[in-house]
Amino acid sequence: MTFGIAAKLSGLLALVSCLIAGLTGLYAYQASRDLLVSATQDELMTATQVIARRIADMRLDLSRDLTLLARHPASLALLQTPPAAQGPQADQLNTLFQLLMRANPGYFQVRLISAADGGLERVRVDRDGAQLLRIEEDDLQEKNHYPYVSDTLQLPAGSTYLSRIVINHERGAHAGAEQPTAQFASPVVDAQGQALGVVVINLDFNGIFAKLAADLPKEFQLFLANQQGDFLIHPDRSKAFGFDRGQRVLLQEEFPATRELVTGQQHQVVLEAADGRYLDAPVVATFVATTVQVPSDESRLILGLAQPRSSVLARADQLGRTILQIAVGFGLAGFLLALLLARRITQPLNTMSEAVQHFAADRPITGLPVHRADELGLLARSFQHMQNQIQRQFAQLQAHREELEHLARHDVLTGLPNRRLFMERLENAVERAKRSDTMLAVMFIDMDHFKQINDQLGHDAGDMALQWVAQKLLANTRKTDTVGRLGGDEFVVLLDGPIHRDQVAAIAGKLRDSLLQPWCYGAHQRAIELSMGISLFPQDGESAEQLMSGADAAMYRIKMHSRNNFGFVCEPASPPTLGAP
Numbered sequence: 005m006t007f008g009i010a011a012k013l014s015g016l017l018a019l020v021s022c023l024i025a026g027l028t029g030l031y032a033y034q035a036s037r038d039l040l041v042s043a044t045q046d047e048l049m050t051a052t053q054v055i056a057r058r059i060a061d062m063r064l065d066l067s068r069d070l071t072l073l074a075r076h077p078a079s080l081a082l083l084q085t086p087p088a089a090q091g092p093q094a095d096q097l098n099t100l101f102q103l104l105m106r107a108n109p110g111y112f113q114v115r116l117i118s119a120a121d122g123g124l125e126r127v128r129v130d131r132d133g134a135q136l137l138r139i140e141e142d143d144l145q146e147k148n149h150y151p152y153v154s155d156t157l158q159l160p161a162g163s164t165y166l167s168r169i170v171i172n173h174e175r176g177a178h179a180g181a182e183q184p185t186a187q188f189a190s191p192v193v194d195a196q197g198q199a200l201g202v203v204v205i206n207l208d209f210n211g212i213f214a215k216l217a218a219d220l221p222k223e224f225q226l227f228l229a230n231q232q233g234d235f236l237i238h239p240d241r242s243k244a245f246g247f248d249r250g251q252r253v254l255l256q257e258e259f260p261a262t263r264e265l266v267t268g269q270q271h272q273v274v275l276e277a278a279d280g281r282y283l284d285a286p287v288v289a290t291f292v293a294t295t296v297q298v299p300s301d302e303s304r305l306i307l308g309l310a311q312p313r314s315s316v317l318a319r320a321d322q323l324g325r326t327i328l329q330i331a332v333g334f335g336l337a338g339f340l341l342a343l344l345l346a347r348r349i350t351q352p353l354n355t356m357s358e359a360v361q362h363f364a365a366d367r368p369i370t371g372l373p374v375h376r377a378d379e380l381g382l383l384a385r386s387f388q389h390m391q392n393q394i395q396r397q398f399a400q401l402q403a404h405r406e407e408l409e410h411l412a413r414h415d416v417l418t419g420l421p422n423r424r425l426f427m428e429r430l431e432n433a434v435e436r437a438k439r440s441d442t443m444l445a446v447m448f449i450d451m452d453h454f455k456q457i458n459d460q461l462g463h464d465a466g467d468m469a470l471q472w473v474a475q476k477l478l479a480n481t482r483k484t485d486t487v488g489r490l491g492g493d494e495f496v497v498l499l500d501g502p503i504h505r506d507q508v509a510a511i512a513g514k515l516r517d518s519l520l521q522p523w524c525y526g527a528h529q530r531a532i533e534l535s536m537g538i539s540l541f542p543q544d545g546e547s548a549e550q551l552m553s554g555a556d557a558a559m560y561r562i563k564m565h566s567r568n569n570f571g572f573v574c575e576p577a578s579p580p581t582l583g584a585p
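Take 5 as the starting number for the sequence shown in our numbering and just add one per residue.
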């Protein structure tokens, strides 16, 4: 006799009374664990806030050191003296700098930098291992192009400036070279309120936080992120300063609950992480966003502490064992009986649940009990039928979506990117060029006398001519470049950086010369010529629209004066080379 699911579940419900004791004990145990986690979260938040206050106190101490150096009479006197005539004041400041660095092992470098002479360093002391080095005149550098100099010179007397916290790539930094560094600076101001220079202290970022972490229990993990969420301090050092290696390792990706903290919607977050990196070792963590109280490129920093959840719950283990022993003593018999029955009942359900969890449109459900004669078999066959239908529909939708996606972003006739896709790539290229300080070029191309081809040979011939030109443009540009068609006989080429003006001119000449061979349509031969206008980033515009507008205007200038030629936005058209059509 075959029993259905209802009969089996009825038998299981008869055993519920035997499990009440066990469930009660489990609830009490879980409640105690939750209370302990909550208490630990409060302790962690307090510890995080204490560390944040200690960081603020350290910043105040450093600001006092900067103020002392900036207001020292020798600093002002030295900046008012020509570099060739500096004497006792430089020696006095060198001694003062070295005394300050011996008292503060976290200082990589102390410098006095003049506002004149391109931001020339006047006195500089570097830490090199256990030694302090005074950098002599020939090795002193000009630093006016660094924000910690130029921005600090705009501040009033007594102000403190904080740079971005980055890896120090400045040349000749000795112990601070290629190390996480923060520059603190303060202006040196004369009696008339004019900033004559700045005093700069390079802080050993890792060293400072290593001292803070040394006061924490070994199991604690310390985190620090900037206002964008990039990790600056992480237990796994490979994840810190990822942006310096062209990567983005973000706090909000490792701890999704901190997104509102990064966006500024909250100031502190308490969370438990039990997935991703913490799947095998869950942690309890607290994060606090602190506002930088001085002029800075880092407006907010996010500090966090994490503690393994296992250590938090270790204190509840003894209580849990006692509760569980009592519960097991009352419910052991019912548990053993229910275990046997539940195994027989739930095993098919678990099998089906696991199979359905792996459901995907491109992967069939496997392991379904489709051969059973009861309700589970019927349900399994229904799932199988449903997936077959979904797979067919998904394949059709995917094909339609890809086709529409391609049509929406590509020219139907030539297969080249259309205006929409080209502008997206150009905007992305402009953003990359801004970050990397490189050049790129936009070429606006128009076919000369294209209307004559349409009028004399017909629109089919015109279409084939457009396809022929598109192939020539693709064949004579780099794989990293983008060739697009805007419509009609207008084409556009993005020459992605890094690239120089002479390289752009060479490519333009190459494109023009590639059309020296006549285009053939049946028995007809036609010479196809191009007028090309070129705009350069950043000289001719800092946005995609400005570059396109400039290149378009340059193209029309070429078309009005010479045709079959190219020219830049800010120059007259280049003269045709020998052999040009």
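Just so it is clear, CB atoms sit at the ideal spot from N, CA and C, and this is done for glycine as well.
Nothing here was measured: the structure is a model prediction, and the numbers come from that model.
Residue span of the beta strand (DSSP E) that contains residue i, given as start and end
i      : result
Asn569 : Asn569 to Phe572
Gln187 : Pro184 to Val193
Pro312 : Arg304 to Pro312
Gly537 : Glu533 to Phe541
His528 : His528 to Arg530
Ile449 : Leu444 to Asp452
Gln272 : Gln272 to Ala277
Phe235 : Phe235 to Ile237
Leu200 : Ala199 to Asp208
Gln225 : Gln225 to Ala229
Val288 : Val287 to Thr295
Tyr525 : Trp523 to Tyr525
Supposed contact pair residue j and residue i - C-beta distance, whole angstroms, cut 8 Å
i      : j      : result
Thr290 : Gln272 : 7 Å
Leu551 : Val446 : 4 Å
Phe448 : Gly537 : 5 Å
Leu254 : Asp234 : 6 Å
Cys574 : Gln543 : 7 Å
Ser518 : Asn480 : 5 Å
Leu40  : Arg319 : 6 Å
Leu444 : Asp500 : 6 Å
N-terminal and C-terminal residue of the alpha helix (DSSP H) that residue i is part of
i      : result
His565 : Ala548 to His565
Ala94  : Pro92 to Ala107
Ala469 : His463 to Ala479
Gly513 : Arg505 to Asp517
Asn422 : Careful: Asn422 lies outside any alpha helix (DSSP H) and carries neither H nor E.
Tyr152 : Pro151 to Ser154
Val266 : Arg263 to Val266
Glu258 : Leu255 to Glu258
Ala78  : Pro77 to Leu83
Distance CB(residue i)-CB(residue j) smaller than 9 Å
i      : j      : result
Val153 : Val204 : yes
Leu97  : Gly201 : no
Asn206 : Asn172 : yes
Ala277 : Phe259 : yes
Ala548 : Val434 : yes
Asn230 : Arg304 : yes
Gly176 : Ile212 : no
Val292 : Ile306 : yes
Tyr111 : Arg131 : yes
Val497 : Leu520 : no
Glu267 : Ile59  : The sequence shown places Thr at residue 267, not Glu. Against a cut-off of 9 Å, the Cβ pair of Ile59 and Thr267 comes out as no contact.
Leu80  : Ser190 : no
In DSSP terms, what residue i is bridged to
i      : result
Arg489 : Phe495
Asp130 : Gln113 and Leu137
Ser300 : Leu166
Glu146 : Leu124
Ile394 : For Ile394, which the question treats as bridged, DSSP gives no partner whatsoever.
Cut-off 7 Å between Cβ atoms - residues of its own chain near residue i, not counting five sequence neighbours on either side
i      : result
Arg489 : Asp415, Thr418, Leu420, Asn422, Ala474 and Phe495
Gly148 : In the sequence on display, residue 148 carries Asn and not Gly. Once the five neighbours on either side are set aside, the close Cβ partners of Asn148 are Gly122, Gly123 and Ser154.
Ile24  : none
Leu166 : Ala186, Phe188, Val296, Val298, Ser300 and Glu302
Gln471 : Leu417 and Thr418
Gly133 : Ala179
Met468 : Tyr525
Thr581 : Low local confidence applies: a pLDDT of 41 at Thr581 is under 50, so the model's placement there is unreliable, and no value is given.
Residues near residue i by beta carbon distance below 6 Å, same chain, minus five either side
i      : result
Pro502 : Thr442
Gly583 : For Gly583, the predicted model reports a pLDDT of 35, less than 50, meaning its position is unreliable and no value from the coordinates is stated.
Gly466 : Ile457 and Asn458
Arg385 : Val374
Lys243 : Phe235 and Val253
Contact set for residue i: own chain, Cβ-Cβ below 8 Å, skip 5 residues either direction
i      : result
Gly492 : Phe454
Asp452 : Ile532, Glu533, Leu534, Ser535, Lys563, Arg567 and Asn568
Val114 : Leu73, Phe101, Leu104, Met105, Arg128, Val129, Val203, Val204, Ile205 and Asn206
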